[in-house]
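Remarks on the structure that follows.
Chains as they are written, first to last, in this note's numbering: chain A, 1382 to 1811; chain B, 1382 to 1811; chain C, 1382 to 1811; chain D, 1382 to 1811.
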């Protein structure tokens, strides 16, 4: 597969200019609540400094668009390629990930200047290729914008970890009212057995790991019509869920014991009851809101305790196939999942997108016939297909234009710092 | 599922007595080449001491058969339950795995006495329940025998690691002549698309993870009719396979760099060329023999380099469905994989069983509808379904009566000390 | 010993006000070349963030002066006591050292505001107790100022490590001309055997570890009249000093091998020869300048290679007893050791103070009769008397008013990030 | 210094033959209570397998005596030099210490055969050089015998750790009656200030680190006339000694917290009170016996709690200068320290030798003018002079002929597996 075969819709140049500007501006908007100091640090191996996110997303355009497609382009600083390459081995030597949070220069101001420089160069390039709808740079630009949207989500979850690590527990932004929760239970939605087609086909952008579309056989199953709530999860904790080895995978149990897990990462038990650290500060636990920041191990143990299981990724995609792509995305500016509203119609699945990514029971491996792109860009997804699980849906930190039915997110079994939650599934009712 | 629902054939008591004695005797026979000192140590976290294998397999019968089904049974030493429980959390406190190789008592002689004591007790129990073909102990005894056969294989691969760790490189047993290799290349065997049924159904023993039998849709594919040889693998090494990051999964590449891998674990480059440590000592590399002791990372990178891929486990089982269960098993007493013979008929798959376990592209997860047994025995397989890959077939260290079509072996991506090898697959020829 | 028994001269209140202001201002002056981002990070376990140094030195006055001696004092933020206590267990719970570089708030501006708040409170306290020359706060204030001067030196050596860790290698401040080196060799200065009195007695401030003054017997010895130079040290490197185990302590040799040491920490071999990273950037190695940033292991191995040894601390103090306390201190604003000038008179020791601290052959243990102060302040020095070596003199990062003959600096065997160098000694000439 | 300058008395050949045979036989006698399995393992990094001790002491004679002084000597197995060299870098490549406990071959029987082979060769050599009292091999043979005696002590303390690690807690040998304890308190013995000569001079064997004898000035001090008992130490524990940071060195406090120390290593609190694991099994704590298996950290904290301090090594040697070298050595076959008897005369120091090594407040550094021997043998003591403390006296595991006044034993601050105890000292009474 060549880059030009990426599943990318052709935008008109005018719309591409607008979209490029909007995505890039959104990244910077997310930085507005931050102090200069907040941009610098990495509080654990998964967390990158904000200024690294700002620079790395610019480096992506520089490396994969400007360098190959603009012969006149000169980099602002040749050392930046070393500092801001993440993991693209074929794109050259790079700075050690463990040291990202130790590098105080370039300063935040210099990084913003670097962004501006890349943006101006990109603007010129887009103008120049405006009339060539087959220009090979176009799909790479589209990929770069989706790449930047992924980093917008990481920027938020990373800064959440940075703020939580600080004993002063700073607030990123106060939460607005999110409407009335229903407080209801949930219903099962059933799907009959059959051969289904899953994966990306046809129009619109997708990452290479969503292809090729292909047939799967799935037996009859059912899926919960809403997410697991904090109240549901509390019942698991109160039933000694974190102290019953028979509920856990072996690695999960080892992790629970070694890390003294007693609750999701941002929960804290106080004399006034459970609280949860959010980007709006440390708040009383909201019982109707979806549980979030749980690992695969916890999702799996909870499901076992509940007498259910996690859905596989084909099941999730099949069940969600006809649902609209809406929900409380990052544009709602709450940065936290919201309680479910009442279902519009019987049998509708609620909270598919925009609250929390939903762990599936499917290991992240290649779709039959999957081939990554040639060259460094092919390292984007393929080389991570090992010891990770697929998550489906989207979260409150995902941009709406970034979400879609076939999206395959993936993280290791013990990751908890993303907005990750739980949807139950099970065999068809006897 | 209760234990009595395990997929276990009913043996007549007479045959069960014989089979029990044969399996137990075979374990001890494998110890004959060892010195007392060899039984004691653990050379890495995966390796258990021989005397631990001898005792643990006896503990299994004591805990899951004698304790529940023989009210008069008294254990030889109540501390043994602590020392020889492996990972059954629900069966009580247990000794730390990391310390298994530090415990010099009970002595080897005392461990053999423990075995004899358990065997005598088992003999009495089997005699007593001889006429009750529905007795609930019977399926557990059968499970215990298959459990013991798994440890026979581990005993050999563990002692191989112990001997290799020793700069004196002791010999376990000299290798006998293994016949003429063909030196041929290989052919592809094609299988058409369709819905297939895989997993264990019907007669004979199986582990719970092979169930339930279920339908899968598989697209047209092809599979190599023999294993990858040392000569094949040398071409990969000589083509700088261990130095080209684009061939590797990201975790695999990190492992290669961190561990300085340049070849399979037991290979050594000398001034006279490559040698390989075997249970018959350090020998010149046999070019026609299957490559063995490679990790999933290496199998996956090799396949990518070869322009192919690994088979999925449904593909392997579908392709092998009608093949006989034969090959050079442990009974051949060579303890090393053998070169392929010429195929009996065109289109026959060779070397399916008895040389090396074959890595598949399938992560080890539950079959749809899988439910482990209740209680401690349910920890046997289910709690390991995380961050491991399925291997299919059987190896030169597997007892013949232990191998079957639906067998799901599993190990993590970096494991190399088992007899693990590579079979290629690919999409149907264009 | 009570705090009031600390060896502290009585200053007039007016002079104390001036001295307090001068020391505090100097700390802030050292920060002028820094960007906000530079204040935040810790690049290894020994390095604290600049803003932590700024806050911790203020916390010291708050905790040991304002809290006990000003009943009306209210802290600016009660959480700061948790964040900025270093290691005083008896002063309460404290933030984990390993996380110092992960805390982005309080911001740099807030930390400066905290300093100003403490300074205003201290000003009021000093005014109030102006006429009471026996006030128990006075010796603690003096201790706090010397404590702050120690952190001034650490601030510089820590920021040097931060800048060196950055691939962009920022410059702190350009170096001014430092005059003509002599390029000469060195002479030995001999001292006869006898009973000598060492340690602090009489007037002026000292830390408790310099007391009590006491008698020692020392045999005849000689000491080099200047420091070991880069040229001297290059000869050791060129003679394969880092590759000859017989020159090294066993732990030193392990460290050399495990850390791949081939030169002092900030040296780098380029195609144009050796360079050295300084606070003025990466420069060509200055051959006449003292070697610096070597560990005890390297100092000891060099001395052995040179057929000499390091001086003991009694020897150093006895030999230096009548020398003036001058040299290129931090006030010279070069932040790097300078080549030796010609000796003023035959037999004068050169470079005793102000270039590099000098490793001695004496382990850091208590002087006979040593007793630390009661309470948290007693943790200042005493609890560190284990597995460290004494260094004598002072460095280019030491304030002149902080240096004195009896000063006992101390670091572990492998520490290299301070301005540490080598002076040779030996038995009397045969 | 050459090897022939080692402080070694000249033995007549006949006496040397006897002494060689006696020392070598004693090592093997210590092995009599062991099973073959016990010889193989290493239960922590400080512990070597018994069979390694047996082989290494033989390798010492082979390498430093037979190889240089017997041209006809052929080694039994050239790989043994690799396996059984401990830390003599200049003597060639050696096996990694961490793997000593993983090597099952040579077997125990083969190691005894190796010893017999070396002994026969040594016998021939000694016979040959019988009449040459100046033969350069003689001092090295004497050194080898003292080396072997050190390993006899290690063999016992190592096997004690091996047995204790085993949940079955095997018994090495039952303890015989050790007489009546006095149950008395203790007296102080005072020593006046002055210049004293310490270190080895004149006749008899000594290690190089005991030289040269030299003058030291010591102020008036006093030393306890018996060791600290278990009853004394229990008072420290009961006074929350392990939970009061102000009593501890900083590194000591970190170790206490990180390792959850609550008592000496072999103590265990049961429902019936404190017990202690000994080579005679797990016994009730004997209150009058000396506390043993405490680290320097614990000895130092105990002394501080008791309002005293540890003696320096000059103080210990000066105070003990005229005492006889007797006490319950290994020949008493109790392998555990004994309660003090009543003092023979007022002012006599009791328990100087033969119960436990006594921690001093002196770091292990070179005596003034110390020079190790040239070549590999010079690595014996000198390269360890870093981050260790001196212990004086001798223990219940020391051979009587191995003990002497000037002996400098040394271990790091956290070592506890040797028979290490506490004697208090202090300034002269006011």
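Where a beta carbon is used, it is the ideal one built from N, C-alpha and C, also for glycine.
Integer Cβ distance of residue i from residue j, believed to fall under 8 Å
i, j, result
"residue 1743 of chain B", "residue 1770 of chain B", "7 Å"
"residue 1572 of chain B", "residue 1617 of chain B", "Their Cβ separation, rounded to whole angstroms, is 26 Å, which puts residue 1572 of chain B and residue 1617 of chain B out of contact at 8 Å."
"residue 1428 of chain B", "residue 1542 of chain B", "5 Å"
"residue 1440 of chain D", "residue 1454 of chain D", "Between residue 1454 of chain D and residue 1440 of chain D the Cβ distance is about 13 Å, and since that is not below 8 Å, they are no contact."
Outcome for residue i when other beta-carbon atoms lying within 10 angstroms are tallied against a minimum of 16
i, result
"residue 1767 of chain C", "buried"
"residue 1664 of chain B", "exposed"
"residue 1410 of chain D", "exposed"
"residue 1405 of chain A", "buried"
"residue 1570 of chain B", "buried"
"residue 1530 of chain C", "buried"
"residue 1383 of chain D", "No answer about residue 1383 of chain D holds up, because its pLDDT of 42 lies below 50 and its placement is not dependable."
"residue 1518 of chain A", "buried"
"residue 1473 of chain C", "exposed"
"residue 1430 of chain D", "buried"
Beta carbon of residue i nearer than 9 Å to that of residue j
i, j, result
"residue 1644 of chain A", "residue 1623 of chain A", "yes"
"residue 1816 of chain D", "residue 1716 of chain D", "In the structure displayed, chain D extends from 1382 to 1811; residue 1816 of chain D sits before or after that span and is not available."
"residue 1711 of chain B", "residue 1779 of chain B", "yes"
"residue 1588 of chain A", "residue 1527 of chain A", "yes"
"residue 1556 of chain A", "residue 1798 of chain A", "no"
"residue 1670 of chain B", "residue 1611 of chain B", "yes"
"residue 1795 of chain B", "residue 1678 of chain B", "yes"
"residue 1614 of chain D", "residue 1675 of chain D", "yes"
"residue 1776 of chain C", "residue 1738 of chain C", "yes"
"residue 1729 of chain A", "residue 1718 of chain A", "no"
"residue 1607 of chain B", "residue 1721 of chain B", "yes"
"residue 1552 of chain B", "residue 1661 of chain B", "yes"
"residue 1521 of chain B", "residue 1567 of chain B", "no"
"residue 1748 of chain D", "residue 1706 of chain D", "no"
| query | Using Cβ-Cβ distances below 8 Å, what residues of the segment 1467-1478 of chain D are close to chain C? | reply | Contact residues of the segment 1467-1478 of chain D toward chain C are 1468, 1470 and 1471 (C-beta to C-beta distance below 8 Å).
| With a cut-off of 8 Å, do at least 3 Cβ pairs link the segment 1521-1539 of chain B to the segment 1687-1699 of chain B? | No, the segment 1521-1539 of chain B is not in contact with the segment 1687-1699 of chain B.
| task | Check whether the segment 1754-1764 of chain C touches the segment 1492-1509 of chain C, taking contact to mean three or more Cβ pairs, one atom from each stretch, closer than 8 Å. | result | Three or more beta-carbon pairs separated by less than 8 Å are not found between the segment 1754-1764 of chain C and the segment 1492-1509 of chain C, which leaves the two stretches without contact.
| Given 8 Å, three or more beta-carbon pairs between the segment 1474-1487 of chain C and the segment 1412-1425 of chain A | By the criterion of at least three beta-carbon pairs nearer than 8 Å, the segment 1474-1487 of chain C is in contact with the segment 1412-1425 of chain A.
| field | Cβ-based contacts, 8 Å cut-off: residues of the segment 1736-1751 of chain C near chain A | value | From the segment 1736-1751 of chain C, no residue has a Cβ closer than 8 Å to chain A.
| What residues from the segment 1613-1638 of chain D come within 9 Å of chain C, judged by C-beta to C-beta, listed N to C? | From the segment 1613-1638 of chain D, only 1626, 1627, 1629, 1630, 1631, 1632, 1633 and 1634 have a Cβ closer than 9 Å to chain C.
| said: Under 7 Å, CB to CB, which of the residues in the segment 1536-1558 of chain D have a partner in chain B? | reply: Answer set for the segment 1536-1558 of chain D: 1543, 1546, 1547, 1548, 1549 and 1551.
| query | Using a Cβ cut-off of 7 Å, which residues of the segment 1760-1788 of chain A contact any Cβ in chain B, in chain order? | reply | Hits within the stretch, in order: 1764, 1765, 1766, 1767 and 1768.
| request: Mind checking the segment 1421-1438 of chain B against chain D and listing, in chain order, the residues whose C-beta falls within less than 7 Å of any C-beta there? | output: Those residues of the segment 1421-1438 of chain B that come within reach of chain D (Cβ to Cβ, closer than 7 Å) are 1421, 1422 and 1424.
| said: To be precise: take each residue of the segment 1514-1529 of chain B, compare its Cβ to all Cβ atoms of chain D, and keep it if any distance is under 8 Å. Which residues remain? | reply: Taking 8 Å as the upper bound on Cβ-Cβ separation, chain D lies near no residue of the segment 1514-1529 of chain B.
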